[in-house]
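Line by line, the protein sequences give chains A and B. My numbering numbers the first residue of the first sequence as 90 and each following residue consecutively. My numbering numbers the first residue of the second sequence as -8 and each following residue consecutively. Even glycine gets a Cβ: it sits at the ideal position worked out from N, Cα and C. Comments concern the structure below.
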Amino acid sequence: MDNFTVGVVVFPGSNCDRDVSWALEGCLDIRTKYLWHESSDLSDVDAIVLPGGFSYGDYLRCGAIARFSPLINALDTFVKSGRRVLGICNGFQILTESGFLPGALTTNKNLNFICDDVELDIVSSKGGWFNDRVKKQTIKLPIAHGEGRYHCDSDTLKKLVDNELISLRYKNNPNGSSFDIAGITNEKGNVLGLMPHPERACDETIGGTDGLFTLKSLILK
Amino acid sequence: MDQFAVKVFVRLRPSVLDPAGEATKSASIKLGAEGIKSLRIGKMIEVKIEGNGENEVRERIDLLCDRLFANTVIEDYEYSLEKL
């Protein structure tokens, strides 16, 4: 496990890349490597994080331009190989835009950019991204987004529910998301997208450690 | 080669809530405009494009709309095309 390396993707406009790297290296002693969005060589990373921010200035739609980067083009093979991909906030938006996860993320119902701590119910730990083996089925993570309202049609929602693909639901839905959805996985479970920021909850001194489990689970095979 | 001016309209699907449209509707009413029943905000994209005839250009515009200009999970699109 010593050589396990997590690639942290950097787009023009990413702004949580260093936070993710700090949390992985500093709090969990997991090696990281920044991956510039124009790189398509993913051979020396074992897992990938798409961090938060405003890739390509969120032009057109959040994540719409990032989807066409060489790195995202190379992600399909990476995902099919079973390696793990975590999309946080803008990373979640990129994963839906590029079709790795179903649905879409759009403007918050109240139009506000919401920066707050939210309580989340762990609905499913498919893929092992969340700890559902202890009594604490609720975690607290920070959110910071203007376009985090998850939307999908009713057929997709049924599929998400039936296949246990919904990982996290807001206790008090802050943005108008369908079915209070805050995070989902793909069917295989190796891709997770979520609007809350686990990397901002990795140290008691800055407000909690409920994000550690998810980041640590990047090293699962 | 023919040149075409294309206007693409991208709209949120009717089933998708448009909070910006709702806020603008509310401001329109405050301005004193009467009779507004609904107000929804979309995008208009203007493209000048060259190709061998309208059919070939339409194929490329369809691809652009479907894969880039609109996210068809939440948006619909339509376009008009004028030969220059």
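Item, Value
"Just to confirm my understanding: we take B/Gly26, look at its own chain, exclude 5 residues before and 5 after, and list those with CB closer than 7 Å. What are they?", "none"
"A/Arg222 versus chain B: which residues are under 7 Å apart at the beta carbon?", "Neighbours of A/Arg222 on chain B: none; closest Cβ ~34 Å, over 7 Å."
"Quick one: what's A/Lys198 bridged to in DSSP?", "Looking at the DSSP assignment, A/Lys198 forms no beta bridge with any residue, so it has no partner."
"When the cut-off is 8 Å and only beta carbons count, does B/Ala14 lie next to chain A?", "yes"
"Determine the direct distance from the alpha carbon of A/Leu249 to that of A/Ser243, and round the result to whole angstroms.", "10 Å"
"Considering only DSSP beta bridges, list what B/Gln(-6) is partnered with.", "B/Glu41"
"Excluding sequence positions up to five away, which residues of its chain have a Cβ less than 8 Å from the Cβ of A/Glu276?", "Asn252, Leu254"
"So, helix, strand or coil for A/Pro140, using DSSP?", "coil"
"In the DSSP assignment, the beta strand (DSSP E) including A/Arg341 goes from what residue to what residue?", "Nothing in the structure corresponds to residue 341 of chain A, since chain A is present only between 90 and 310."
"If I'm right that B/Ser19 touches B/Leu8 with Cβ under 8 Å, what's the distance once you round it to whole angstroms?", "Contact flag wrong, Cβ pair sits at about 18 Å."
"Closer than 8 Å, CB to CB, is A/Cys204 near chain B or not?", "no"
"Take B/Ile36 and list the residues in its own chain whose beta-carbon comes closer than 6 Å to its own, dropping the five residues that flank it on each side.", "Val(-1), Phe60"
"Using CA coordinates, which residue listed in A/Ser213, A/Gly272, A/Cys204 is at the minimum distance from A/Gly235?", "A/Cys204"
"Can you pull the DSSP bridge partners for A/Ile203?", "A/His234"
"Could you tell me the distance, in whole angstroms, from the CA atom of B/Lys21 to the CA atom of B/Ala11?", "15 Å"
"To the nearest angstrom, how far is it from the Cα of A/Ala193 to the Cα of A/Ile119?", "31 Å"
"Just list the alpha helix (DSSP H) runs in the segment -7 to 38 of chain B, keeping only unbroken ones of 4 residues or longer that don't cross its boundaries, in chain order.", "10 to 22"
"Please identify, using Cβ separations under 9 Å, the residues of the segment 216 to 245 of chain A that lie next to chain B, in order along the chain.", "Arg238, His240, Cys241, Asp242, Thr245"
"Using only alpha-carbon positions, find the residue among A/Leu131, A/Pro101, A/Leu200 that is nearest to A/Lys169.", "A/Leu131"
"By the 10 Å Cβ neighbour count, where 16 or more other Cβ atoms means buried, how is A/Pro159 classified, buried or exposed?", "exposed"
"Just list the alpha helix (DSSP H) runs in the segment 115 to 197 of chain A, keeping only unbroken ones of 4 residues or longer that don't cross its boundaries, in chain order.", "159 to 169, 179 to 186"
"How about A/Gly176 and A/Leu164: are their beta carbons less than 8 Å apart?", "no"
"Going straight from the alpha carbon of A/Gly141 to that of A/Ile161, what length do you get?", "15 Å"
"When the distance is taken between beta carbons, is A/Phe93 closer than 8 Å to A/Cys147?", "Per the sequence shown, residue 147 of chain A should be read as Asp rather than Cys. Their beta carbons are not under 8 Å apart, which means A/Asp147 does not touch A/Phe93 by this criterion."
"I want to see whether chain B comes within less than 8 Å of A/Leu200, judged by CB atoms only; does it?", "yes"
"Which chain B residues are close to A/Gly297, counting only those with a beta carbon under 7 Å from its beta carbon?", "None at all; the shortest Cβ gap to chain B is about 30 Å."
"Measure the C-alpha to C-alpha separation of A/Thr245 and A/Phe189 and round it to an integer number of angstroms.", "14 Å"
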